[in-house]
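Novice:
Residue numbers (this note's numbering): 399 to 534.
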């Protein structure tokens with residue numbers, strides 16, 4: 399399972415249960431598009447669906463698979479060179495730690511990010527709302 403993607407131009411790093419993998423000379427959106435295509439859609443199609451259902455226009459979560467419920471959500475503008483994407487399904491908890499947040503993933507791995515907890519919690523709420531809309 400993918401835990402997070404971290405873009406550091408020109409590469410994208412993927413943290414999963416198998417460790418860290420580097421995808422050379424690519425962009426996170428291109429990588430996510432490839433993964434979406436495995437499940438019969440595209441990045442743009444998934445983005446449009448979430449925008450319509452949730453009524454949002456920025457930092458759009460992308461559903462990779464209805465079956466696994468993996469949803470990646472960005473923590474900043476996806477055009478930035480250092481955008482981080484988190485997998486909603488992999489997160490167990492998010493806690494404030496001084497001027498950063500500590501994220502606990504389902505296998506016990508943790509990562510500390512210099513981000514605002516409110517933005518992450520907002521993204522989690524949007525992901526939950528979107529998943530609930532698929533269950534109706």
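Each residue gets a CB set at the ideal place from its N, CA and C atoms; glycine is no exception.
So within the segment 407-481, which uninterrupted beta strand (DSSP E) runs reach at least 3 residues, ignoring any that extend past its ends?
Specialist: Taking only runs of at least 3 residues, the beta strand (DSSP E) segments lying wholly in the segment 407-481 are 409-414, 417-421, 460-463, 468-472.
Novice: Rounded to the nearest angstrom, what separates residue 414 and residue 493 at their Cα positions?
Specialist: Spanning the two alpha carbons is a distance of roughly 20 Å.
Novice: Would you give the residue range spanned by the beta strand (DSSP E) that residue 493 belongs to?
Specialist: That run of the beta strand (DSSP E) goes 489-495.
Novice: Spell out a yes or no on whether the segment 440-447 and the segment 510-517 are touching, meaning 3 or more CB-CB pairs, one atom from each, closer than 8 Å.
Specialist: Contact fails: fewer than three Cβ-Cβ distances are below 8 Å.
Novice: Taking the straight line between their C-alpha atoms, what separation do you get for residue 512 and residue 478?
Specialist: Looking at the two C-alpha atoms, the distance is approximately 16 Å.
Novice: Roughly how many angstroms lie between the CA atoms of residue 432 and residue 487, to the nearest whole one?
Specialist: Whole-angstrom Cα-Cα distance: 19 Å.
Novice: Does the Cβ-Cβ distance between residue 481 and residue 474 come in under 8 Å?
Specialist: Yes, the pair counts as a contact, with Cβ atoms nearer than the cut-off.
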